[in-house]
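Under the numbering used here, the first residue of the sequence shown is numbered 81, with each subsequent residue one higher. Note that the Cβ used here is the ideal one computed from N, Cα and C, for glycine as well. Each remark here refers to the structure printed beneath this line.
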Amino acid sequence: MNRSKFLIFSLAFIAVLASGFIFGHFIFKNSEATELKPENISRERISQDITDSRENAITRTVSEVSKAVVGISVTEVREYRDPFGDDPFFRQFFGDRSYKQEVQGLGSGFLISDDGYIITNDHVVGNATKVVVSMTNGEHLDAEIVGKDSYSDIAVLKVNKTGLPYIKLGNSDDVIIGEWVVAFGNPFGLFEVNQKPTVTVGVVSAMGMKLNSGQNRFYRNMIQTDAPINSGNSGGPLVNSIGEVIGMNTLIYTGNSMAGGNIGLGFAIPMNKVKMIVDRIKKDGKIERNYDIGLRLQTVDKNIAQYFKLTNVQGAIVVNIEQGSMAAKEGILPEDIILSVNGEKIGSDADFWGIVLDMNIGEKIKLKILRKGDEIEKEFELKVK
Numbered sequence: 081m082n083r084s085k086f087l088i089f090s091l092a093f094i095a096v097l098a099s100g101f102i103f104g105h106f107i108f109k110n111s112e113a114t115e116l117k118p119e120n121i122s123r124e125r126i127s128q129d130i131t132d133s134r135e136n137a138i139t140r141t142v143s144e145v146s147k148a149v150v151g152i153s154v155t156e157v158r159e160y161r162d163p164f165g166d167d168p169f170f171r172q173f174f175g176d177r178s179y180k181q182e183v184q185g186l187g188s189g190f191l192i193s194d195d196g197y198i199i200t201n202d203h204v205v206g207n208a209t210k211v212v213v214s215m216t217n218g219e220h221l222d223a224e225i226v227g228k229d230s231y232s233d234i235a236v237l238k239v240n241k242t243g244l245p246y247i248k249l250g251n252s253d254d255v256i257i258g259e260w261v262v263a264f265g266n267p268f269g270l271f272e273v274n275q276k277p278t279v280t281v282g283v284v285s286a287m288g289m290k291l292n293s294g295q296n297r298f299y300r301n302m303i304q305t306d307a308p309i310n311s312g313n314s315g316g317p318l319v320n321s322i323g324e325v326i327g328m329n330t331l332i333y334t335g336n337s338m339a340g341g342n343i344g345l346g347f348a349i350p351m352n353k354v355k356m357i358v359d360r361i362k363k364d365g366k367i368e369r370n371y372d373i374g375l376r377l378q379t380v381d382k383n384i385a386q387y388f389k390l391t392n393v394q395g396a397i398v399v400n401i402e403q404g405s406m407a408a409k410e411g412i413l414p415e416d417i418i419l420s421v422n423g424e425k426i427g428s429d430a431d432f433w434g435i436v437l438d439m440n441i442g443e444k445i446k447l448k449i450l451r452k453g454d455e456i457e458k459e460f461e462l463k464v465k
């Protein structure tokens, strides 16, 4: 019994010595080798030590990036048709009735240069007649729309001011699945409450996501994150832990059309694509996509695959070709099935157009085609009609 007590006492003594060593070492290190006297350990120093221990890569990123995030307020005039406007009986007596209404919208954006260039989503700007940008210093500045692109859902704004804070643009090809990210934005217009963006934290959940949203928008190679992205966050930056923006917050998946909240599925346009579109908009004011391809396509489904006795349900089938178009000149035929574009597999007609619409005039497009059981390749240059 005495031996057991002695053993317990010895272990406890060793533990106390160890903890005392660690504590003493901590004080020694953080007091810059000052003598360990009570009068040398001030309340202010202890408070500073605690503050330092709370700081990390995320808090530093928030501090650095927040000042370059902006809130965007949009005034847009929308035209609405009378619900009975398509009824011939009502049109006979009341004519083609429609009315216009001014609506307000809110979103987010971020500065990418000190001379006032701001990027956001096209669906934030819409057909705005007036755009006002809210800065973190309380200023409200009118912004002009430099250009926008509905297909990629990217818009460029400009405010008439210099010497502004801006965010460093990162390389989205270097993103690591699982790395920490911070989503900045203006959810529900809360930016106006305290003149600061809200921040949410998560990780990169997946890369290369393809989403079909309709409305002539093509979302390819999207970054998926579980950092909450709420209504009004659209256009805000998704930033890594070293303060580089790697994507632009764009979409959330709610899982229920009646719900508007986040369930851990947010999507951002990769920054490398954003940079490409922004450079083209700044240069030309628009994205030229009036390609003379001349193809009408349909996604290969199970019925089509069965009809043509295909082993895989994959690709987009050519259903029509415009006479005199590039496709016609290159010998592409109806019932050809496009399997890949520039080495990237095609799962639907939307995949085809998503790839092509990211290309520039003058670039070459290489197609792998299945024709009556044989695979062939076609290559031609994108030209304007």
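Cβ-based neighbour list, residue i, same chain, cut-off 8 Å, excluding 5 preceding and 5 following
i	result
ASN296	SER230 and TYR231
LYS465	ASN370, TYR371 and ASP372
ASP233	ASN201, ASP202, HIS203, ARG297, TYR299, THR330 and ILE349
PRO414	VAL398, VAL399, ASN400 and ILE401
Inter-residue Cα distance where the pair is residue i and residue j
i	j	result
SER405	ASP372	6 Å
ALA430	VAL325	28 Å
LYS444	GLU461	4 Å
ASP364	MET439	15 Å
ASN400	ILE435	20 Å
GLY265	ASN136	21 Å
ASN329	ILE257	17 Å
THR280	ALA263	5 Å
GLY227	ILE198	11 Å
GLY218	VAL255	33 Å
GLU272	HIS220	10 Å
PHE376	VAL398	The sequence shown places Arg at residue 376, not Phe. Cα to Cα, ARG376 sits roughly 6 Å from VAL398.
ILE456	PHE347	36 Å
LEU249	VAL142	15 Å
ASN320	GLY327	9 Å
ILE322	ASN207	35 Å
ALA307	GLY411	48 Å
MET302	MET356	15 Å
LYS362	GLU368	13 Å
VAL205	VAL183	12 Å
LYS458	SER146	49 Å
GLY269	ILE138	23 Å
SER428	GLY374	17 Å
ALA407	GLY442	15 Å
Buried or exposed (CB count within 10 angstroms, at least 16 for buried), residue i
i	result
LYS353	buried
VAL211	buried
TYR387	exposed
GLN304	buried
SER448	It should be noted that the sequence gives Lys, not Ser, for residue 448. Buried, by the Cβ-count rule.
GLY288	exposed
ASN251	exposed
ARG134	exposed
VAL157	exposed
GLY187	buried
ASP222	exposed
THR278	buried
GLY282	buried
ALA286	exposed
GLY152	Note on residue identity: the sequence assigns Ile, not Gly, to residue 152. Looking at its Cβ environment, which holds 16 or more other Cβ atoms inside 10 Å, ILE152 is buried.
ARG140	exposed
LYS463	exposed
ASN76	Because the chain spans 81 through 465 in this model, residue 76 falls outside it and cannot be assessed.
Cutoff 6 Å; reference residue i; Cβ partners in own chain excluding five residues on either side
i	result
GLY395	VAL380, ILE417, ILE418, LEU419 and ILE426
PHE190	ALA148, VAL149, ILE247 and PRO317
LEU450	ILE417 and LEU419
GLU112	Residue confidence is low: GLU112 scores 43 on pLDDT, short of 50, so the model does not pin down where it sits. Its coordinate-derived value is still stated next. None.
TYR333	LEU345
ARG360	ILE367
Own chain, CB closer than 7 Å to residue i, minus 5 neighbours either side, in chain order
i	result
GLY453	none
ASP194	THR242, GLY243, LEU244 and TYR246
GLY312	LEU186, GLY187, SER188, GLY265, ASN266, PRO267, PHE268 and GLY269
GLU144	GLY323
ILE384	ILE397
SER314	GLY187, SER188, ASN201, HIS203, VAL204, ASN329 and THR330
Proximity test, Cβ basis, 9 Å: residue i and chain B
i	result
LEU447	Going by chain labels, chain B is absent from the structure shown, which holds only one protein chain.
Presumed contact (8 Å Cβ cut-off) between residue i and residue j, rounded CB distance
i	j	result
LEU237	GLU224	7 Å
VAL284	VAL261	6 Å
VAL154	GLY185	4 Å
THR216	GLN275	6 Å
Sequence ranges, alpha helix (DSSP H) only - wholly within the stretch 239-287, length at least 4: Runs of the alpha helix (DSSP H) inside the stretch 239-287: 271-274.
What alpha helix (DSSP H) runs, 4 residues minimum, are completely inside the stretch 332-410? With a minimum length of 4 residues, the continuous alpha helix (DSSP H) runs that stay inside the stretch 332-410 are 351-364, 382-387 and 406-409.
Which full runs of the alpha helix (DSSP H) of 4+ residues lie inside the stretch 177-227, going along the chain? With a minimum length of 4 residues, the continuous alpha helix (DSSP H) runs that stay inside the stretch 177-227 are 202-205.
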